[in-house]
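Everything in the sequence shown is counted per the working numbering, starting at 79 for the first residue and increasing by one.
Heads up, the beta-carbon is just placed ideally off N, CA and C, and yes, glycines get one too.
Step one of this worksheet: look at the structure below.
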Amino acid sequence: ALGPALDKATGTLLYNTAARLRDPKHLGFLVGYIARREILTDLQLTAALEYVRSHPLEPLDAADFERACGVGVCVTPEQIEEAVEAVIGEHRAELLAERYHFNMGLLMGEARSRLKWADGKTIKNEVDLQVLHLLGPKTEADLEKKPKAAKARPAPAEKQKAAVVENGEVGMETRSLLEQLRGEALKFHKPGENYKTEGYVVTPNTMALLKQHLAVTGGQVRTRFPPEPNGILHIGHAKAINFNFGYAKANGGVCFLRYDDTNPEKEEEKYFTAIREMVEWLGYQPYAVTHASDYFDQLYTWALELIRRGQAYVCHQKVEEIKGHNPPPSPWRDRPVEESLLLFEDMRKGKFGEGEATLRMKLVMEDGKMDPVAYRVKFTPHHRTGDKWCIYPTYDYTHCLCDSIEHITHSLCTKEFQARRSSYFWLCNALDVYCPVQWEYGRLNLLYTVVSKRKIIRLVETGAVRDWDDPRLFTLTALRRRGFPPEAINNFCARVGVTVAQATMEPHLLEACAREVLNEQAPRAMAVLEPLKVTITNFPAPKALEVLVPNFPADESRGFHKVPFQPTVYIEETDFREEADKGYKRLAPGQPVGLRHAGYIIAVQNVIKDASGHVIELEVTCTKSDVAEKPKAFIHWVSEPLACEVRLYERLFLHKNPEDPLEVPGGFLSDLNPDSLRVVRNALVDSSVLSARPFDKFQFERLGYFSVDPDSGEGKMVFNRTVTLKEDPGKA
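Pasting the structure below:
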């Protein structure tokens, strides 16, 4: 005990030690140094705490510790004076020019870097003294506030910058790519400093394994995106792709695409292809494409080693018996090692039927689940290894070991895997292999949709949607087909951010991101969904004219396209009324309108109707807009158009949470929106889109953003409406 001799500075150091020390086993060690007045400053204490955190193994090397913490180092007033003098000498010219507006913190920082263990207050006093000696007392000019430099605002076009797709790099820089990594990611460890993560288990071999790991990686960040190849990626996966690839990119690292292909019954080649295609479509290039099955031999060897170490056993309990929260413990848990080795070999040779034997690991997980299964019997050929194996490893066994083999630094996964974190650390340590760190983040969900494979298959089977890429779904292939640009999806993920909490978002937020990108990317064209024929009776030329239409009216430097203009044009049926109500500004008898881009204004001369009284044609006269009175409105039109089909989409479900039995008691299939798709079979579009290919995007003026559907053929183009030009206030 220090008793009454305890001064305030020592007491503060002791309090800070107790508050900041994570592992109490070193508390006595540090208290001794403080009590003996060998650690005297907060600077030394910070160095001491960092040292014990970086050296988790006992015993600590006292001499090395003292060197790292400045124990016994005495900094004299003369040394401080000399150091400050030297720093001021280097900045003399700027000091004389800027006087007291100069950043004095810079002088103190440089002086401290020369004398690491000097007292900060003493350095500040010396800086103040020498600056006063050089500059003299402050004048009135010195007391005036320095004007703030105006921040340069980027031009709107700089908000999005295209970037070259390199190894593991995103194809479009978004302003918020790094912002999305500011939340949880700031707490992440540096490569090789895994042991600084809370809950990380340090063994006698940890530091040596980390040293080997750094030799392999060179200190580079390594992440992985590990999808199961048994379904199509959806909007939630887009967040995982952005986080894994984005975090690696933000830190100059690399990201693997690793297929978790351990369940041969559910895997199909089309899923492998579609997954890689979507990763690349979002703008990312994997550092390497790997498969869990690449490591089946190594995983099997490690399973034998786990049995030899007494950490795994062959069990014959049925699947039903070990399911649920409190299954009975296995009667085979303590069977002899040799017996388990023989039985595991029999499992590999196919001597047990499916469900007759499993290999289980001896551990209790966070959620209370006991002895998770490592291997099970499946007589299903694997798409890559054929009939070589009839036993396949589980996720709990495979995932952390594949991460270890690939020297992953940050194993990023969604929150539901938090219960598996202890088994992750346990298994790597049980086998004495490099142990990465698992970090969890919240899932991204969208309202008004379902994303589970099982439910999407039901939607396809019942004919509610056509396939996985039906534009009403939120799979990535569906979003691409509907016309969502990949940059919009990446921007959406960045705005959602990376949080531990699950994020459930409204689809209109994703649509807003799409509008932002498409406004910059989609050239303008004109299309008419419900055509009404208009004949210009006084057409000003003997043959068709050509009208120049800007691709982007806000920036004509981005080029023009030509559209024909002749005596017959087509306008939207809704742009004409026989009687103009108050507030109606478009075409009506006695109320002319302008034709966008044409330079002409038309006025109704004659309304032609069919036998049932439906308007089928208008006869109009035209006047050049520079001599006529300015009309109340300008409308879009087409002339010599192409016939096309247009598909207009609304939400697939009527309720926000179609899977919630409280909201939708009849189940999600009872919640389908009957108006989720409207097909306009006889729309017309201007001929400028003739050479467009599937997935090309346009803004049809006044109608919305549209994308060419792969169903388009020689005879007829098909367009999907991606989003309307403005958000529907009823949806927000």
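- request: Inspect the CB distances between the segment 113-126 and the segment 189-201 and report whether three or more fall short of 8 Å.
  value: Proximity of the segment 113-126 to the segment 189-201 meets the contact definition, three or more beta-carbon pairs being nearer than 8 Å.
State buried or exposed for residue 588, treating a residue as buried only when at least 16 other CB atoms are found within 10 Å of its CB.
So residue 588 counts as buried.
Exercise. In the structure shown, what three-state DSSP assignment does residue 748 receive?
Worked result: Residue state, collapsed to three classes: helix.
Whose C-beta lies closer than 8 Å to the C-beta of residue 634 among residues of the same chain, with five residues either side of it excluded? Taken in chain order, the residues that qualify are 628.
What are the partner residues of residue 755, as DSSP defines its beta bridges?
Paired residues: 727.
Sheet register partners of residue 488 (DSSP bridge): Paired residues: 515.
DSSP three-state assignment for residue 312, whether helix, strand or coil
Of the three classes helix, strand and coil, the one that applies to residue 312 here is strand, per DSSP.
Below 8 Å on the Cβ atoms is my guess for residue 522 versus residue 574; work out the distance and round it to an integer in Å.
Contact between residue 522 and residue 574 holds, with the beta-carbon distance rounding to 6 Å and staying under 8 Å.
Practice task
Could you please give the first and the last residue of the uninterrupted alpha helix (DSSP H) stretch that includes residue 155?
Solution key: According to the DSSP assignment, residue 155 belongs to the alpha helix (DSSP H) that extends over 155-168.
query = Which ranges does the beta strand (DSSP E) cover as unbroken runs of at least 3 residues, wholly within the segment 414-452, from first to last along the chain?
reply = Qualifying beta strand (DSSP E) stretches, in chain order: 436-439.
- Collapsed DSSP secondary structure at residue 134 in the structure displayed: The answer is coil: DSSP assigns residue 134 none of H, G, I, E or B.
By a C-beta neighbour count over all protein chains shown, 10 Å radius and 16 as the cutoff for buried, is residue 457 buried or exposed?
-> It counts as exposed.
query = So does the segment 284-296 actually touch the segment 310-329, counting three or more Cβ pairs closer than 8 Å?
reply = At 8 Å Cβ cutoff, the stretches do not touch.
Given a cut-off of 8 Å on the beta-carbon distance, is the pair residue 489 and residue 471 in contact? Going by C-beta atoms, residue 489 is not nearer than 8 Å to residue 471.
*Candidates 610, 204, 636, 734: which alpha carbon is nearest residue 646's?*
If we check each option's Cα against that of residue 646, 610 comes out closest.
On a Cα-Cα basis, can you pick out the residue from 616, 608, 640, 666 that is closest to residue 648?
Ranking 616, 608, 640, 666 by Cα distance to residue 648 puts 608 first.
In the DSSP assignment, find the beta strand (DSSP E) that holds residue 681 and state where it starts and stops. For residue 681, the enclosing beta strand (DSSP E) stretches over residues 678-687.
Among 308, 315, 270, 313, whose alpha-carbon lies nearest the alpha-carbon of residue 299? Ranking the options by Cα distance to residue 299, first place goes to 270.
Under 8 Å: do the segment 780-792 and the segment 589-606 share three or more Cβ pairs, one atom per stretch?
Touching, per the Cβ criterion.
Q) On the three-state DSSP scale, how would you describe residue 669? A) Here residue 669 sits in strand by DSSP.
**Prompt:** beta strand (DSSP E) containing residue 393: first to last residue?
**Reply:** For residue 393, the uninterrupted beta strand (DSSP E) segment begins and ends at 390-393.
- Where do the ends of the beta strand (DSSP E) carrying residue 777 lie? Looking at the DSSP string, the run of the beta strand (DSSP E) that includes residue 777 is 775-778.
- Per-residue burial, residue 204 [other beta carbons within 10 Å of its own, 16 or more giving buried]: Counting Cβ neighbours within 10 Å, residue 204 comes out buried, since at least 16 surround it.
Practice problem: Count the other CB atoms, across all protein chains shown, that sit within 10 Å of the CB of residue 556; report buried if there are 16 or more and exposed otherwise. | Solution: With 16 or more Cβ atoms within 10 Å of its Cβ, residue 556 is classed as buried.
Spatial distance of residue 686 from residue 695 (CA atoms) = Their backbone Cα atoms lie some 5 Å apart in a straight line.
Check your understanding: In three-state DSSP terms, what is residue 801?
Key -> Of the three classes helix, strand and coil, the one that applies to residue 801 here is strand, per DSSP.
### Query
Three or more beta-carbon pairs under 8 Å between the segment 615-622 and the segment 580-595, yes or no?
By the Cβ rule, the segment 615-622 does not count as touching the segment 580-595, because fewer than three pairs are nearer than 8 Å.
- Just curious, the alpha helix (DSSP H) that residue 586 is in, first and last residue? DSSP places residue 586 inside the alpha helix (DSSP H), whose first and last residues are 585-599.
#### Entry: Own chain, CB closer than 6 Å to residue 130, minus 5 neighbours either side, in chain order
Closer than 6 Å at the Cβ level, and outside the excluded window around residue 130, lie 104.
Q | Local conformation of residue 186 per DSSP, three classes | A | Of the three classes helix, strand and coil, the one that applies to residue 186 here is helix, per DSSP.
Check: Which runs of the alpha helix (DSSP H) fall wholly inside the segment 365-409 and span at least 4 residues, in chain order?
Finding: Given a length threshold of 4 residues, each whole run of the alpha helix (DSSP H) inside the segment 365-409 is given here in chain order: 374-386, 397-400.
Please report how far the alpha carbon of residue 726 lies from the alpha carbon of residue 318, in whole angstroms.
The alpha-carbon atoms of residue 726 and residue 318 are separated by roughly 30 Å.
* Asked: Are the segment 434-444 and the segment 380-398 in contact at 8 Å, needing three or more beta carbon pairs?
  -> They touch, by the three-pair rule.
I'd like the list of long-range same chain contacts for residue 663, defined as Cβ closer than 7 Å, with 5 residues on each side in sequence excluded. Its chain contains 710, 711 as the residues whose beta carbon lies nearer than 7 Å to that of residue 663, once the 5 sequence neighbours on both sides are disregarded; these appear in chain order.
Under DSSP, the alpha helix (DSSP H) around residue 564 begins and ends at which residues?
Taken as a continuous stretch (DSSP letters only), the alpha helix (DSSP H) holding residue 564 covers 564-574.
| request: Taking residue 486 as the reference, give the member of 468, 467, 469, 517 with the closest Cα. | output: Just measuring C-alpha positions, the residue of 468, 467, 469, 517 sitting nearest residue 486 is 517.
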